[in-house]
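*Asks:* This note's numbering puts the first residue of the sequence shown at 472, with every later residue one more than the last.
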Amino acid sequence: MSDLAWVPQSCTLPTEERPLRVTEWDALLSERLTSSSRPEPLRLHLELTGGPGVEERTRDLVARESGCCSFFTFTTVPGEERMDLDITVDAAHEAVLDALAARIAEMQP
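The structure is reproduced here in structure tokens:
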């Protein structure tokens, strides 16, 4: 996913900022991701380890991502030791979720 050509035209994040946003997601997920699953074709479920600032960091990133890519719906469920993050899209953006899931799969041991 280093080639960002998969990003749909409906994304309003300026092109030059896209690699920076991908880096933010990569950092969060490489530090905190414990598992991922695809319970439905249009939903990706992530489990992140908790800790100081994780909820705030995740919510900030999710809010900014929602602002430029309105096709994503994010649901966060914080807990003491972990945080669940569900990412859903509409059918027209399933390929974007596929690309995200593939990137995440590459990060997992």
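Backbone N, C-alpha and C define an ideal beta-carbon position, used for all residues, glycine too.
This one's a predicted model, so the numbers in the text were calculated from it and none came from an experiment.
So for T529, helix, strand or coil by DSSP?
*Replies:* Three-state DSSP puts T529 in a helix.
*Asks:* Taking V567 as part of the alpha helix (DSSP H), name the residues at either end of that continuous run.
*Replies:* From DSSP, the alpha helix (DSSP H) with V567 extends over 565-578.
*Asks:* Nearest to R514 by alpha carbon, out of G550, M554, T546, R574?
*Replies:* Per the Cα distances, T546.
*Asks:* Taking the alpha carbon of F542 as the point to measure from, which residue in A562, L556, P485 has its own alpha carbon closest?
*Replies:* Answer by Cα proximity: A562.
*Asks:* Does the pairing of the stretch 498-515 with the stretch 481-490 give three or more beta-carbon distances under 8 Å?
*Replies:* Touching, no, given that fewer than three Cβ pairs across the two stretches are closer than 8 Å.
*Asks:* Going by the CB atoms, is the gap between L504 and M554 shorter than 7 Å?
*Replies:* Not in contact: M554 and L504 (Cβ atoms no closer than 7 Å).
*Asks:* What is the C-beta distance between E552 and G521, in whole angstroms, given that I count them as a contact (C-beta under 8 Å)?
*Replies:* Contact flag correct, Cβ pair sits at about 5 Å.
*Asks:* Taking all protein chains shown into account, do 16 or more other C-beta atoms lie within 10 angstroms of the C-beta of E488, making it buried, or fewer, making it exposed?
*Replies:* Exposed.
*Asks:* Provide the residue span of the beta strand (DSSP E) that contains S506, from first to last.
*Replies:* First-last of the beta strand (DSSP E) with S506: 504-511.
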